[in-house]
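Structure first, then comments.
2 protein chains.
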Amino acid sequence: MSALSVFPVEGLPEVRPGDVLADLLAAAVPLLQGDVLVVTQKVVSKAEGRLVPLDGDGAHRALVESESVRVLRRRGSLVVSETRHGFVCASAGVDRSNIEDGWAALLPVDPDRSARRIRAGLRARTGVDVGVIVSDTFGRPWRRGLTDVAIGCAGVAAVLDLRGTVDTFGRELHATQVCVADELAAAADLVMGKATGTAAAVVRGVDPAWLRESSVRAEVVRPPADDLFR
Amino acid sequence: MSALSVFPVEGLPEVRPGDVLADLLAAAVPLLQGDVLVVTQKVVSKAEGRLVPLDGDGAHRALVESESVRVLRRRGSLVVSETRHGFVCASAGVDRSNIEDGWAALLPVDPDRSARRIRAGLRARTGVDVGVIVSDTFGRPWRRGLTDVAIGCAGVAAVLDLRGTVDTFGRELHATQVCVADELAAAADLVMGKATGTAAAVVRGVDPAWLRESSVRAEVVRPPADDLFR
Chain Z
1 MSALSVFPVE GLPEVRPGDV LADLLAAAVP LLQGDVLVVT QKVVSKAEGR LVPLDGDGAH
61 RALVESESVR VLRRRGSLVV SETRHGFVCA SAGVDRSNIE DGWAALLPVD PDRSARRIRA
121 GLRARTGVDV GVIVSDTFGR PWRRGLTDVA IGCAGVAAVL DLRGTVDTFG RELHATQVCV
181 ADELAAAADL VMGKATGTAA AVVRGVDPAW LRESSVRAEV VRPPADDLFR
Chain L
1 MSALSVFPVE GLPEVRPGDV LADLLAAAVP LLQGDVLVVT QKVVSKAEGR LVPLDGDGAH
61 RALVESESVR VLRRRGSLVV SETRHGFVCA SAGVDRSNIE DGWAALLPVD PDRSARRIRA
121 GLRARTGVDV GVIVSDTFGR PWRRGLTDVA IGCAGVAAVL DLRGTVDTFG RELHATQVCV
181 ADELAAAADL VMGKATGTAA AVVRGVDPAW LRESSVRAEV VRPPADDLFR
């Protein structure tokens, strides 16, 4: 397996509701066939107009409740809940960073669809097929620190299923399903400073076998019946 | 922020108890000052002799129990438990893949120490300072698919603390602690096929500000009192 390069997309303008992200991204970075473009949720939500004014002190809390289908834990101002998409995260993904004061950004309604739309737009404008991942920053139980994960994807595997392949000792690998979409989102975050507001990055050199139709909702979200922690 | 490159360490021999990993790694890959070398738990455990014979049908299960300080969930043959290190993972990290039949590998006793030892060995042999991460493959609640995370590190930040810095709108970032060690482990896994048994990878080009003393146990393992899911 050969090398990957991971680099930030520089010079993306401040994104506004109604902007066509594929146009802005195609203008900002020369893409090659097989690249994976990771775009942060924040700019996808902005382009899709998923911005809500916060009127008054309790507005953020009320918004978090209305974006949640189930609250798993509360402590002080921290709410860990499940969203309509099936994601479990803090504040149901409602976010106030890198956005104008008095406003909050909600998650895209369907982040897989957002990724498909960006992918189709890039193909139309540039003629190249790229994988697209919409990423967000989630906490997790048991481990400190946040990491970026995939909340939507198109044209690149979300989960790679290695069951049935054998290890170097010839024994079949069991239970080896790798969430490459989350690993790609994490790799992209390494070149995007949280404070500088870089909103996209390219991962170049991924295994061409990973480039296929996919969906975070279908492949990554664990159905409650399979979940030991819900 | 500039580009990262991520590439596998090829040609590492099959590792045996007593092998000095720093020697094998230094011979296998030319390292540059500031590189981060990600080494999988499997070869660290082999070099450190953390191999146990499995005698009989119940041996694996008994080993998982003895490596666990607390079991969080059981379902069929799946056990999710907490290890002495404070990691929560399947089978307490006891692993039978990429190892001879009839044997299991346990986690290193102190993976931060393992990382420090590799780092010191590489400095002694090559004269360059690198960051070292010992990685393992963990599942997680709510999301399907496994991802690689850091279980030990040396010379590279585990958690980057961005609290106190401001976003592009001049507002202070809250609760933004990024687990770059896990993101580096994830990036490295993208170039290491599970089946091919590649056991190490290099991440080149990380922000020099991340290169400092560190520890997964001190920075990443969430104390039970702070943990809403334990």
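Residue numbers (this note's numbering), protein chains in the order written: chain Z, 1 to 230; chain L, 1 to 230.
Backbone N, C-alpha and C fix where the C-beta goes; we use that ideal spot for every residue, glycine too.
Keep in mind that this is a model prediction, so the values were computed, not measured.
Legend entry - Within chain L, partners of residue 189(Z) - CB distance below 8 Å: Position 189 of the first sequence, counted from the first residue, corresponds to residue 189(Z). 178, 183, listed in chain order.
Legend entry - For residue 199(Z), the three-state DSSP class (helix, strand or coil): The residue labelled residue 199(Z) in the question sits at position 199 within the first sequence. Shown here, residue 199(Z) sits in coil according to DSSP, grouped into three states, outside any helix or strand.
Inset, instruction - Label residue 66(Z) either buried or exposed according to how many other C-beta atoms from any shown protein chain fall within 10 Å of its C-beta, with 16 as the threshold for buried. - result: For this step, residue 66(Z) is matched to residue 66 along the first sequence. Residue 66(Z) should be labelled exposed.
Legend entry - residue 147(Z) at chain L interface by Cβ criterion, 7 Å: As a first step, residue 147(Z) is located in the first sequence; it is residue number 147 there, counting from the start. Yes, because at least one Cβ of chain L sits closer than 7 Å to the Cβ of residue 147(Z).
Legend entry - Per DSSP, cross-strand counterpart(s) of residue 103(L): Numbered from its first residue, the second sequence carries residue 103(L) at position 103. According to DSSP, residue pairing for residue 103(L) in a beta bridge involves 53(L).
Legend entry - Proximal residues of chain L, C-beta to C-beta of residue 4(Z) below 9 Å: Along the first sequence, one-based indexing puts residue 4(Z) at 4. Within chain L, the residues near residue 4(Z) are 4, 5, 6, 7, 187, 190, 191.
Inset, instruction - List in chain order: all unbroken beta strand (DSSP E) runs of 3+ residues lying wholly within the stretch 136–189 of chain L. - result: Listed in chain order, they are 143–154.
Inset, instruction - Return the residue from the list 201(Z), 198(Z), 205(Z) that minimises the CA-CA distance to residue 191(L). - result: To locate residue 191(L), count along the second sequence from 1; it is residue 191. Considering only alpha carbons, the answer is 205(Z).
Inset, instruction - Rounded to whole angstroms, what's the CA-CA distance from residue 225(Z) to residue 73(L)? Just pull it up for me. - result: To locate residue 225(Z), count along the first sequence from 1; it is residue 225. To locate residue 73(L), count along the second sequence from 1; it is residue 73. Distance between the alpha carbons of residue 225(Z) and residue 73(L): 14 Å.
Inset, instruction - May I ask which residues mark the beginning and end of the alpha helix (DSSP H) holding residue 219(Z)? - result: If you number the first sequence from 1, residue 219(Z) lands on position 219. Looking at the DSSP string, the run of the alpha helix (DSSP H) that includes residue 219(Z) is 216–219.
Inset, instruction - Go ahead and label residue 165(L) buried or exposed: buried means 16 or more other beta carbons lie within 10 angstroms of its beta carbon, across all protein chains shown. - result: For the purposes of this step, residue 165(L) is identified with residue 165 of the second sequence, where counting begins at 1. So residue 165(L) ends up on the exposed side.
Legend entry - the ligand FMN heavy atom lying under 6 Å from the CB of residue 141(L): Only the bare structure without any ligand can be found here, which leaves the ligand FMN out of the picture.
Inset, instruction - Kindly list the residues whose CB is nearer than 7 Å to the CB of residue 105(L), restricted to its own chain and excluding five residues on each side of it in sequence; keep chain order. - result: Taking the second sequence and counting its residues from 1, the one referred to as residue 105(L) is at position 105. So the qualifying residues of the chain are 42, 45, 46, 50, 51, 95, 99.
Inset, instruction - Grab the span of the beta strand (DSSP E) containing residue 82(Z) for me, first residue to last. - result: Here residue 82(Z) is taken as the residue at index 82 of the first sequence, counted from 1. Unbroken beta strand (DSSP E) run through residue 82(Z): 78–83.
Inset, instruction - Would you check if the distance between the CB atom of residue 154(Z) and the CB atom of residue 220(Z) is smaller than 7 Å? - result: Within the first sequence, residue 154(Z) is the residue found at index 154, counting from 1. Within the first sequence, residue 220(Z) is the residue found at index 220, counting from 1. No, Cβ-Cβ distance for residue 154(Z) and residue 220(Z) is not below 7 Å.
Inset, instruction - Look up residue 63(Z) in the DSSP assignment and say whether it is helix, strand or coil. - result: Against the first sequence, residue 63(Z) aligns to sequence position 63. The answer is helix: DSSP assigns residue 63(Z) an H, G or I state.
Inset, instruction - For my contact list, residue 183(Z) and residue 218(L) are in at a C-beta cut-off of 8 Å; report their separation, rounded to the angstrom. - result: Taking the first sequence and counting its residues from 1, the one referred to as residue 183(Z) is at position 183. Taking the second sequence and counting its residues from 1, the one referred to as residue 218(L) is at position 218. Their Cβ separation, rounded to whole angstroms, is 25 Å, which puts residue 183(Z) and residue 218(L) out of contact at 8 Å.
Inset, instruction - Kindly indicate which three-state DSSP category residue 95(L) falls into: helix, strand or coil? - result: Translated into the one-based positions of the second sequence, residue 95(L) becomes position 95. Three-state result, residue 95(L): strand.
Legend entry - For residue 203(L) and residue 34(L), the rounded distance between their alpha carbons: For the purposes of this step, residue 34(L) is taken as residue 34 along the second sequence, with counting starting at 1. For the purposes of this step, residue 203(L) is taken as residue 203 along the second sequence, with counting starting at 1. If I take the Cα positions, the gap works out to 9 Å.
Legend entry - Closest by C-alpha distance to residue 213(Z), when choosing among 26(Z), 170(Z), 113(Z): Within the first sequence, residue 213(Z) is the residue found at index 213, counting from 1. That would be 113(Z), whose Cα lies nearest to the Cα of residue 213(Z).
Inset, instruction - Within its chain, find whatever has a CB closer than 7 Å to the CB of residue 70(Z); leave out the 5 residues flanking it on each side and keep chain order. - result: Counting from 1 along the first sequence, the entry for residue 70(Z) is found at position 70. Scanning its chain for C-beta atoms nearer than 7 Å, with the 5 sequence neighbours on each side dropped, one finds around residue 70(Z) the residues 81, 82, in chain order.
Inset, instruction - Tell me, please, which residues DSSP counts as bridged to residue 40(Z). - result: In the first sequence, residue 40(Z) corresponds to position 40, counting from 1. Partner(s): 135(Z).
Inset, instruction - Would you kindly check if the distance between the Cβ of residue 118(Z) and the Cβ of residue 216(Z) is under 7 Å? - result: Start at 1 with the first residue of the first sequence, and residue 216(Z) comes out as number 216. Start at 1 with the first residue of the first sequence, and residue 118(Z) comes out as number 118. By the CB criterion at 7 Å, residue 216(Z) and residue 118(Z) fall outside the cutoff.
Inset, instruction - Express the C-alpha separation of residue 149(Z) and residue 6(Z) in angstroms, rounding to a whole number. - result: What you label residue 6(Z) is simply residue 6 of the first sequence in a count that begins at 1. What you label residue 149(Z) is simply residue 149 of the first sequence in a count that begins at 1. Distance between the alpha carbons of residue 6(Z) and residue 149(Z) is about 16 Å.
Inset, instruction - Counting only the same chain and skipping the five closest in sequence on each side, list residues whose C-beta sits under 7 Å from that of residue 110(L). - result: Within the second sequence, the letter at position 110 stands for residue 110(L). Within the same chain, no residue comes within 7 Å of residue 110(L) by CB-CB distance, once the 5 residues on both sides are set aside.
Inset, instruction - Report, in whole angstroms, the separation of the C-beta atoms of residue 9(Z) and residue 29(Z), which I expect to be a contact under 8 Å. - result: In the first sequence, the residue the question calls residue 9(Z) occupies position 9. In the first sequence, the residue the question calls residue 29(Z) occupies position 29. Distance from residue 9(Z) to residue 29(Z) at the Cβ level is roughly 5 Å; contact confirmed, criterion being Cβ atoms closer than 8 Å.
Inset, instruction - Within the same chain, show all residues whose beta-carbon is closer than 8 Å to that of residue 103(Z), passing over the 5 residues directly before and after it, in chain order. - result: Mapped onto the first sequence, residue 103(Z) falls at position 103. So the qualifying residues of the chain are 51, 52, 53, 54, 96.
Inset, instruction - Output yes or no for whether 7 Å exceeds the beta carbon distance between residue 122(Z) and residue 22(Z). - result: As a working note, residue 122(Z) is residue 122 in the first sequence. As a working note, residue 22(Z) is residue 22 in the first sequence. Yes, the Cβ-Cβ distance between residue 122(Z) and residue 22(Z) is below 7 Å.
Legend entry - Candidates 32(Z), 78(Z), 87(Z), 14(Z): closest to residue 140(L) by CA position: Position 140 of the second sequence holds residue 140(L). Here the closest residue by C-alpha is 87(Z).
Inset, instruction - Could you tell me if residue 62(Z) is buried or exposed, where buried requires 16 or more neighbouring beta carbons within 10 angstroms of its beta carbon? - result: Position 62 of the first sequence, counted from the start, is the residue given in the question as residue 62(Z). Looking at its Cβ environment, which holds fewer than 16 other Cβ atoms inside 10 Å, residue 62(Z) is exposed.
Legend entry - Contact residues within the stretch 22–37 of chain L, judged by C-beta distance below 9 Å to chain Z: Hits within the stretch: zero.
Inset, instruction - Would you mind working out which of 24(L), 128(L), 20(L), 89(L) sits nearest residue 12(L), comparing C-alpha positions? - result: Indexing the second sequence from 1 puts residue 12(L) at position 12. Ranking the options by Cα distance to residue 12(L), first place goes to 24(L).
Inset, instruction - Name, please, each residue of chain L whose Cβ falls closer than 9 Å to the Cβ of residue 228(Z). - result: In the first sequence, counting from the first residue as 1, residue 228(Z) sits at position 228. Under a criterion of Cβ atoms nearer than 9 Å, the residues of chain L adjacent to residue 228(Z) are, in order, 72, 73, 74, 75, 78, 80, 141.
Inset, instruction - Tell me whether residue 5(L) sits in a helix, a strand or coil according to DSSP, three-state version. - result: Looking up residue 5(L) in the second sequence gives position 5. In the structure shown, the three-state DSSP call for residue 5(L) is strand.
Inset, instruction - May I ask you to report which of helix, strand or coil DSSP gives residue 16(L)? - result: Here residue 16(L) refers to the residue found at position 16 when the second sequence is read from its first residue. Residue state for residue 16(L) is assigned as coil, using DSSP reduced to three classes.
Inset, instruction - Please confirm whether residue 38(Z) and residue 135(Z) have their CB atoms less than 7 Å apart. - result: Within the first sequence, the letter at position 38 stands for residue 38(Z). Within the first sequence, the letter at position 135 stands for residue 135(Z). For residue 38(Z) and residue 135(Z), yes; Cβs fall inside 7 Å.
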